[in-house]
């Protein structure tokens, strides 16, 4: 099916009233949790994962994806109004966004953010539609050796572009890989690291792991602290940007969209890196580069266009190769696999209604988001007035009920507490969880492809070098490793 | 410290895999092959982290509060325990009340109870009425 027919087919799926409802629910929840600082898309998607068991896969994924890109929209609101990033990819938006609020220009900042997010998101979707078939065609040529090398590349980029210590991120990837081996070995049927616990025979549950690391830890870390108070009032009239705002935003929005689309599609990088890169490009190339940091509209629209574009193109490697670009995409892949769908080049042919329906829903979702974020911004601003100490106990019970609902087993609730406490210790020592989750989801796939590649090559590791595509990925890994080592040994000047 | 702990976990995983599962060879990997080598890599990384960070304290003390960690962990465990014994309503009220002690923003016990009761109502509404989850609401 070529892209256009596929898209038309997808639109007919996505326009089904029930699917529309799930799409709206997804982007609505996404905006909601994006606006609230502290509760990210990762935690929310892990909370909602159990619910998708009870609905057909199309609706489940349309909703989960909506949460993901909806959070990119919502996340900028708290950045602009409170100087608190709603999600990690909105960190740079704080710089100029909060300055604009202090200058009394919060309204136009919010308006232009929504507009640039929409443009970025749509450009991302168009590129996604345009490229999926080609990437899937390449993916069909991949053997186990190529998949193994590509997944390693994804893990390496994911851990080296992380914000914290690279060494620690690599260690977290390995911990994730090890956690992924828990449970019955598919090849030999031997239970690994189960220690006689029946619940561990199926492995560590993705939902439990994600809820423990992202939900529980977040609640435990922020329960004690009160959120800053919000005083400004936003009306639709006060949001209208000036002609100059619009004129100055066009070029940065387009630049941001392109940069974002690029970083989104790379395995291992995602919206956060896209937003950072877009901001640094503006700092170098924008006409108003000098004003950046003092409340310039360019510094708000470029990263917001970038993170939304990246949120869409992130689905390219996820859906066509089955390789997640970031931790959230890893969750999506995990969710697809729980429904018995193997994301990868064959998905377009085997599950076209899910594949194209999902993509078509992105377009509809972005339109919903534009409406949610401009005329209805007042609701979200009001949301920032709810004190956090009413929210966190609610989140806590949602976590417990969410994991419980998967297997109706209290063991999972206790497991969340154990993983959560371990995760809390790790955050204190400044370890990050996104690489861990990526390693966890990719672990079984990496092991299987490694095993298959080695069986085919009669045990020779040369197969990874002799096959050109695989060798190319390995060269990329080596280059990244060399760059990182050189950079970190160079004395800081 | 954290590096050494990771190294210990890696070494333990590796040894455990070595002792209990067959490693096999590259051409026919046993169930222990992958975990064994991962454990070694993790141990090496852990040692590297601990050597790099000698003499530096990287602990994030700003946001650390073991008191609230214990309270939050206890309340989620309590929730799980009470849920199967006494049902959703009592479980929510008890665990939420406990969890509110992690915050300093509550001025009175009355407000804690109020939050707990309203959340119990919300949970019943959302999870049982709307999502039709199969949980008992009250003492079984």
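Chains as they are written, first to last, in the working numbering: chain A, 1002 to 1494; chain B, 75 to 214. Glycine included, each C-beta is placed from N, C-alpha and C at the ideal position. In this text, all values refer to a predicted model and were calculated from it rather than measured experimentally.
Residue burial annotation: residue 75 of chain B is exposed, with fewer than 16 other C-beta atoms found within 10 angstroms of its C-beta.
In this structure, the straight-line span from the alpha carbon of residue 115 of chain B to that of residue 1289 of chain A is close to 48 Å. Using a Cβ-Cβ cut-off of 8 Å, residue 86 of chain B does not count as an interface residue toward chain A, since no Cβ of chain A sits closer than that to its own. Burial check for residue 1469 of chain A: the Cβ neighbour count within 10 Å stays below 16, so the residue is exposed. At a cut-off of 8 Å between C-beta atoms, residue 93 of chain B does not count as an interface residue with respect to chain A.
DSSP places residue 1463 of chain A outside both helix and strand once states are collapsed to three, so it counts as coil.
According to the DSSP secondary-structure assignment, residue 98 of chain B is paired through a beta bridge with B/103. Closest in alpha carbon position to residue 1320 of chain A, among A/1137, A/1143, A/1160 and A/1392, is A/1137. A straight line joining the alpha-carbon of residue 168 of chain B with that of residue 1427 of chain A spans about 29 Å.
Residue 1401 of chain A is not a Cβ neighbour of residue 175 of chain B, given a cutoff of 8 Å. Three or more beta-carbon pairs separated by less than 8 Å link the stretch 1022 to 1039 of chain A to the stretch 1073 to 1087 of chain A, which places the two stretches in contact.
C-alpha of residue 1013 of chain A to C-alpha of residue 1311 of chain A: approximately 25 Å in a straight line.
Using a Cβ-Cβ cut-off of 8 Å, residue 161 of chain B is close to nothing in chain A; its nearest Cβ partner there is about 13 Å away.
Closer than 8 Å to the CB of residue 97 of chain B there is not a single CB belonging to chain A.
Look at residue 1452 of chain A here: in three-state DSSP terms it is helix. Neighbours of residue 1401 of chain A in chain B, taken as residues at a C-beta separation under 7 Å, are given in chain order as 150, 153 and 154. Contacts with chain A at 8 Å (Cβ-Cβ) include residue 143 of chain B. Of the residues assessed, residue 1090 of chain A falls on the buried side of the cut-off, its CB having 16 or more other CB atoms within 10 angstroms. Where residue 1012 of chain A is concerned, the enclosing alpha helix (DSSP H) starts and stops at 1004 to 1015. Those residues of the stretch 1447 to 1478 of chain A placed with their C-beta closer than 9 Å to a C-beta in chain B are 1447, 1448, 1451, 1452, 1455, 1456, 1458, 1459, 1460, 1461 and 1462, ordered along the chain. For residue 162 of chain B, the uninterrupted alpha helix (DSSP H) run begins and ends at 162 to 174, by DSSP.
Residue 1406 of chain A reaches chain B at 201, 205, 207, 208 and 209, counting residues in chain order whose Cβ is nearer than 9 Å. Chain-order list of chain B residues neighbouring residue 1215 of chain A: empty, with the shortest C-beta distance near 14 Å, by a criterion of under 8 Å. The C-alpha of residue 1301 of chain A lies about 12 Å from the C-alpha of residue 1251 of chain A. With contacts defined by Cβ atoms closer than 8 Å, residue 1440 of chain A and residue 1151 of chain A do not form a contacting pair. Distance from the CA of residue 1357 of chain A to the CA of residue 1081 of chain A, rounded to the nearest whole angstrom, comes to 35 Å.
From the listed residues A/1411, A/1462, A/1360 and A/1456, the smallest Cα separation to residue 1024 of chain A is found for A/1360. The way I'd put it, the stretch 1264 to 1281 of chain A doesn't touch the stretch 1202 to 1222 of chain A; fewer than three beta-carbon pairs between them come closer than 8 Å.
Secondary structure at residue 1185 of chain A: strand, using DSSP grouped into helix, strand and coil. The CB of residue 1414 of chain A comes closer than 9 Å to the CB of 150, 151, 153, 154, 155 and 157 in chain B, given here in chain order.
Look at residue 1193 of chain A here: in three-state DSSP terms it is strand.
Close to residue 1398 of chain A, with beta-carbon spacing below 7 Å, are these residues of chain B in chain order: 153, 166, 169, 170, 193 and 197. For residue 1013 of chain A, no CB of chain B lies under 8 Å from its own CB, so it is not counted at the interface with that chain.
Linking residue 1419 of chain A to residue 109 of chain B through their CA atoms gives a straight-line distance of about 22 Å. Around the Cβ of residue 1221 of chain A, a 10 Å sphere holds 16 or more other Cβ atoms; the residue is buried. For residue 1340 of chain A, not one C-beta of chain B is nearer than 8 Å to its own C-beta.
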